[in-house]
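Only one structure is covered here, and it is reproduced in the block below.
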Amino acid sequence: MSDDLLDPALVREASRWLARLGRDDVDDTDRAACDAWRRADPRHERVWRRLLELDGALRSVPAHAARSDLLARRAPLTRRQVLGLGAAALTVGALGYGGARQGLWRRQWADLATGVGETATHTLADGTRLVLNTDTALDVDFNDRGREIRLHRGEVLVTTGHGDGRPFRVRTRDGAVRPLGTRFTVRRTDRDTRVAVYQGAVSLRAGGEARPVRLDAGQGAAFRAGRVGAPRPLAEEAPAWQRGQLVAERMTVAEFAGELARYRHGLVHYQPEVAGLRVTGVFSLTDTDRALDALARALPVRVRHYTPLWIRIEKKD
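Heads up, the sequence shown is in the numbering used here, so the first residue is -8 and it goes up one at a time.
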């Protein structure tokens, strides 16, 4: 087995040993047992060293960088939780530390930001009200020529202020949204930007697109550079996430896992066998463990916690 494809079972075992040595009551017996485990197989030592490298990398992050994919929580991560995330990162390979650092620094230097699982409300100088959803970062640029929100990641609910004649827009890498006295959300994903209008109307202009597209209240659309998708009707009169809820209407497990992952630290995976199962219901975003328990009651699936920060939705035996 190559160094990049480490055995998940060995990674979990090494993580437990490292956590055990980090306890306050660790003694020489613990240390000797760990040394014996490392000597028992060359693969043990290789996994051990990789886990130590990741542990050292996490500790090197500056303490002031609090809004991190790996470290931002209402309470600090325990050593055991950090090691659990390390195990998941080494096992899956998809969670690169460099990617997490990119998110960390993006939020660290943004004008306004939230961590994973957090929301925040801000009122700007012109009276515009912003509600930032989980894991969001944006910049605010107000000057004599206009007012601009630059959304770097995540999602924001905008209620525009009145009495300011300067042009207002929300910009992402995919283009710009110009409100026409309104209440709307803008969400940036890896593939596109999604807009939902709850009051008033907005004008969308995708990057490279000459003609703007109008969305009225009760409509939503996705756009990316050069293309605006067809408007679709909204299912609700207000974003459910503002109430701390995920409303699923025949949502697949794959979609459910992707949405829930935005609101909890670590990884939410699923077996291919359950990806297409569909669920309907209202689930908590403020208590994602409760949401996962509800999913397991609604469908023939189980939720397995491999580490505190790595779970997988699996087919029930």
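From the three backbone atoms N, C-alpha and C, an ideal C-beta is built for every residue, glycine too.
Remember, predicted model here, so these are calculated numbers, not experimental data.
- Contact between the region 237 to 246 and the region 263 to 276 is present, with at least three C-beta pairs closer than 8 Å.
- In the DSSP annotation of this structure, the continuous segment of the beta strand (DSSP E) that includes ARG179 starts and ends at 174 to 179.
- Here the alpha carbons of ASP102 and ARG40 stand approximately 38 Å from one another.
- Non-local C-beta neighbours of GLY108 in its own chain, meaning closer than 7 Å and more than five positions away in sequence, comprise THR125, TYR254 and ARG255, ordered along the chain.
- The beta-carbon distance between LEU123 and VAL147, rounded to whole angstroms, is 5 Å. This is short enough to meet the 8 Å contact definition.
- Rounded to whole angstroms, the separation of the alpha carbons of ALA0 and ARG30 is 17 Å.
- Counting along the chain, LEU195 sits inside the beta strand (DSSP E) bounded by residues 192 to 197.
- If you ignore the 5 residues before and after TRP232, its C-beta comes within less than 7 Å of the C-beta of ASN124 and LEU276, all in its own chain and listed in chain order.
- Per DSSP, LEU12 has no beta-bridge partner at all.
- Secondary structure at GLU240: strand, using DSSP grouped into helix, strand and coil.
- Taking ALA252 as the centre and dropping the five residues before and after it, the same chain places the C-beta of LEU258 and VAL259 closer than 8 Å to its C-beta, in chain order.
- Out of TYR261, THR298, TRP301 and LEU300, the CA that lies nearest to the CA of LEU286 is found in TYR261.
- Uninterrupted beta strand (DSSP E) stretches at least 3 residues long and entirely within the region 223 to 304 occur at 236 to 243, 258 to 261, 269 to 275 and 292 to 298, given in chain order.
- Rounded to the nearest whole angstrom, the CA to CA distance from ARG144 to VAL273 is 25 Å.
- Residue pairing of HIS113 in beta bridges, as defined by DSSP: LEU121.
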